[in-house]
Amino acid sequence: MSTGNMNLTLQVWRQKNSKSTGKLVDYKLSDISPDMSFLEMFDVLNEQLITKGEEPVVFDHDCREGICGMCSMFINGQPHGPKDLVTTCQLHMRSFKDGDTIVVEPWRAKAFPVIKDLAVDRSAFDRVIAAGGFVSVNTGNAQDANNLPIPKSKADAAFEAAACIGCGACVATCKNASAMLFVSAKISQLALLPQGQPERYRRVQSMVAQMDEEGFGNCTNTGACEAECPKGISLENIARMNRDYLSAKFISEEEV
Amino acid sequence: MSKLNSNIPAGELTQKWTKYKSSVPLVNPANKRSLEVIVVGSGLAGASAAATLAEMGYKVKCFCFQDSPRRAHSIAAQGGINAAKNYQNDGDSTYRLFYDTIKGGDYRAREANVHRLAEVSANIIDQCVAQGVPLAREYGGLLDNRSFGGTQVQRTFYAAGQTGQQLLLGAYSALERQVGMGKVQMYTRHEMLDVVVIDGKARGIIARNLITGELERHFGHAVVLGTGGYGNVFYLSTNAMGSNVTAAWKVHKKGAFFANPCYTQIHPTCIPVSGDHQSKLTLMSESLRNDGRIWVPKKKDDTRKASDIPEDERDYYLERRYPAFGNLVPRDVASRAAKERCDAGYGVGSSKLAVYLDFKANTERYGRIEASKAGNHNPDKETCMRLGTAVIKEKYGNLFDMYAQITGENPYETPMRIYPAVHYTMGGVWVDYDLMTTIPGLYCTGEANFSDHGANRLGASALMQGLADGYFVLPYTIGSYLSKEIATKPIPTDHPAFVEAENEVKATIDKFLSINGTKSVDHFHKRLGHIMWEKCGMARNREGLTQAIQEIQDLRKEFWADVKVPGSADEFNPELEKAHRVADFIELGELMCKDALNREESCGGHFREEHQTEEGEAKRDDENFAYVAAWEYKGVSQFELHKEELNYENIKVAQRNYK
């Protein structure tokens, strides 16, 4: 069982609300078990703060199994910390060493304002989806599912794009705070499938327009988003989106 | 005289829903535009209901406590969704899905509801595929299926180990489409803290804006809850950290009956607890039992590594005890069998509270098939394992990765260690055939209601029920109520009932913040969870339950005297949110124990040690307990039992047999 022996120094971003300015605050933690998840380590910190009469650190989290996309810490300069293909909630303390100093900040992007401490507002992503990230099919309008055979390779590629958890790590790590990986993943998923064809060119235009309106930056092909994405979403999606966006410009308005 | 009327339509079982649909009163489009519906929760049940109601023309407000509706805990469902499509031509049918679900639920669910669920199951798959949900396919381009527990057909549709995610994102995209059109107003980071009842009907809610702390009043001609299950009453469960019973409990205290609270599902294949720091447990999908064999050493306290234990010294106890279903027995049966082996001293791992889930045999088998496809008809073992591992990786890759992350072990090389954990709650708010609670105008869908799974839910049926309720059932049945409400003008939220409900919520918040005790909310939650797991968990008995009720009552008093909630009411304050939830869990925990104590039989997930067969199987008492226990709230620690008799007209009730 896990009585741990790691001693750590945390430097955590504390910010009262969206209007105040924040700063990094130091906390010492001892007896941390390497089997703890990173968020469980924060639970220990918060328990100590509450006992001392201080305010606990606010951070977003929910499923703690890497799928809901809610957790969002920028750890030592990397979204979701040092390990590839994991979210913060699936990062375990065995990835750190006794005596480490760990700096923890919120996602930083103009389109993701800080709400409090480490929690940010990612509602811009919802608005981008609302602008076109769907197939317009009302409940009850569907034909038998097997009337629409889809080649396995296409279905698998669509699934890979659809695996995006909407956490925003791509935006947080991008020097331009671009949301292109997120937006292109949804566009790709639907562009790869026959169900997505009727609205394909409208979709790419309205989603890109909304993305710009939210204040996300542009893509300069650095690839940090792909490198940091906890779900391995590929840069190919951005290429696919750009191709469709360009094609849409050449298609007559009636077709779009 | 019971106050319960399940409102099941008359007629032949197979015709009930068809007849209902063609005779339910309609609301014309102009009237729909002036009728407002509040949907609380944005998981499969809530999001699909909100989207569909808006498509139909109703004005919808949808609430979720997360930062986006896409994060509801349905997203974490792994294995799949059942549907009676019979695409595999293996003899499946609506009737078989209906039958399997009733039997799997140990004959404690309503026939009419379950048959309707089976009928609409096929439509769900059609709808999701039309939305662009990328379900798994075969090389021919058609949809693939796999097996789940408690059935002998392959009717489970899936998207790798992320079926819930893909289905939820489908419902979320349908919801966001309506948000974009202005037909749904979405309230994220809002938590419902009470229902407003006027002249006996649900007319709105009090919600707290979790960022500003502001209390808001919202009117609706009807209110729909899709707020999920209450597994977190055990503290450790596979639920998300935020999953809670608060909305359901608040409506219970305002008059909605709570049914079968003691029916909880303990899932057999979860990653074992590793220490006191643990905040949640992680499921390893039931789909793994398609290809994994469960075993423990034949020798007690065997400390050898799994790979050092020869084949003939392993006890594949599920295959031994249940040869017909083997590793695919229903969850309650598999969980109890694991507990039995561990209690008897055959458990593995450092805690001895784990069994092995081993993929080696099937990895080798798949490898042999792959080699054969490539023309190698006599492959060596290493080739088989290499090729087979690739197959396993494609089927379950994300689950294996998750296991490796959490345990630090490589499941491709050593068997997984697994142990049962709380996963799902079959009990919930009592609803009639229309999914309406005992408060007129208040509906309850998905896991939050009690209706379809009896005493044990079969795998891959939660997604089915959530989407059935939201896409295909509620949008019809709510019309029967709303058609009578077309003359009701929106009630201004300065109505005394709104003011009073808000004041009550405010008083509770002030109380939390003024106690200023010495222990955190989590401290109490952990203690509650410990009581529940030890005394109202996989096995229950009279003595333990009686003690638990007393302990929970004491815990409640201590909580209200000594809890420490930092911060203030008018800010983002997660500790305050937790305080609300844990206060409600404590009250619910007491009712669960009382329900478990009342039910002097074993059925499904409810196992009373006093009631078992000589072979240790659950022993039902159909003569005295073939009823739904619906509890009415009468004040602190006061609950009155109402019984809804269960009548089986189409299925012959029998002792479940998976041997």
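First to last, the protein sequences are chains V and U. Using my numbering, the first residue of the first sequence is number 1, and each one after it goes up by one. Using my numbering, the first residue of the second sequence is number 257, and each one after it goes up by one. Glycine included, every Cβ here is placed at the ideal spot set by N, Cα and C.
Using a Cβ-Cβ cut-off of 8 Å, alanine 332 of chain U counts as an interface residue toward chain V, since at least one Cβ of chain V sits closer than that to its own.
Each of U/Val838, U/Ser776, U/Leu398, U/Asn369 was checked against the Cα of glycine 53 of chain V, and the nearest Cα belongs to U/Ser776. Contact between the segment 130–138 of chain V and the segment 426–442 of chain U is present, with at least three C-beta pairs closer than 8 Å. For leucine 398 of chain U, the nearest beta carbon of chain V is closer than 8 Å to its own beta carbon. With its beta carbon less than 8 Å from one in chain V, tyrosine 395 of chain U belongs to the interface.
Rounded to the nearest angstrom, the gap between the Cα atoms of serine 628 of chain U and asparagine 634 of chain U is 8 Å. Legend: CB atoms of the segment 311–331 of chain U lying less than 7 Å from CB atoms of chain V belong to residues Glu311, Gln322, Asp323, Ser324, Arg326, Arg327, His329, Ile331. Listed along chain V, no residue sits closer than 9 Å to lysine 782 of chain U by beta-carbon distance, the nearest being about 11 Å off.
Under the Cβ criterion of 8 Å, histidine 80 of chain V is not counted among the residues facing chain U.
Identification of residues in the segment 428–439 of chain U having a C-beta nearer than 8 Å to some C-beta of chain V yields Tyr428, Ser429, Ala430, Glu432, Arg433, Val435, Gly436, given in sequence order. Between the alpha carbons of aspartate 348 of chain U and serine 18 of chain V lies a gap of roughly 56 Å.
Along the length of the segment 91–163 of chain V, whole beta strand (DSSP E) runs at least 3 residues long occupy 101–105, 114–116, reported in chain order. Burial of proline 56 of chain V is indicated by the presence of at least 16 other C-beta atoms within 10 angstroms of its C-beta. Proximity of tyrosine 675 of chain U to chain V, defined by a Cβ-Cβ separation below 8 Å, is not satisfied.
The criterion of a C-beta distance shorter than 8 Å is not satisfied by valine 293 of chain U and glycine 302 of chain U. Contact between isoleucine 522 of chain U and methionine 794 of chain U is confirmed by a C-beta separation of about 5 Å, below the 8 Å threshold.
Counting along the chain, no beta strand (DSSP E) covers alanine 339 of chain U, and no H or E run does either.
Alanine 463 of chain U: member of the beta strand (DSSP E) spanning 457–465, first to last residue. By the Cβ-count criterion, serine 403 of chain U is buried, with 16 or more other Cβ atoms from all chains shown falling within 10 Å of its own Cβ. Neighbourhood of arginine 240 of chain V in chain U, by CB distance below 9 Å: empty, with the nearest CB roughly 15 Å away.
Between aspartate 571 of chain U and asparagine 618 of chain U, the CB-CB gap reaches or exceeds 8 Å. Close partners of threonine 444 of chain U in chain V (Cβ separation under 8 Å): Ser123, Asp126.
Pairing glycine 4 of chain V with serine 37 of chain V gives a Cβ-Cβ distance that is not under 8 Å. Residues Ala704, Asn705, Phe706 of the same chain have their beta carbon placed closer than 6 Å to that of glycine 684 of chain U, with the five preceding and five following residues left out of the count. Interface with chain V (8 Å Cβ-Cβ cutoff): glutamine 383 of chain U is included.
Identification of residues in the segment 641–662 of chain U having a C-beta nearer than 8 Å to some C-beta of chain V yields Asp657, Met658, Gln661, Ile662, given in sequence order. Residue pairing by DSSP places leucine 544 of chain U opposite no residue, since no beta bridge is assigned to it.
In summary, phenylalanine 513 of chain U is buried, with 16 or more beta-carbon neighbours lying within 10 Å of its beta-carbon over all protein chains present.
Check the Cα spacing between isoleucine 251 of chain V and each of V/Pro230, V/Cys229, V/Arg202, V/Ala142: the tightest is with V/Arg202. Exposed is the label assigned to asparagine 345 of chain U, since fewer than 16 other Cβ atoms lie within 10 Å of its Cβ. A Cβ-Cβ separation of about 4 Å places alanine 124 of chain V in contact with glutamate 214 of chain V under the 8 Å criterion. Contact between isoleucine 115 of chain V and phenylalanine 828 of chain U holds: their C-beta atoms lie close to 6 Å from each other, under 8 Å. Closest in C-alpha terms to arginine 876 of chain U, from the list U/Ala711, U/Lys509, U/Gly722, comes U/Ala711. The DSSP-derived three-state label of methionine 437 of chain U is coil.
A straight line joining the alpha-carbon of threonine 9 of chain V with that of leucine 24 of chain V spans about 12 Å. For aspartate 346 of chain U, no chain V residue has a Cβ inside 9 Å of its Cβ, as the nearest lies near 15 Å away.
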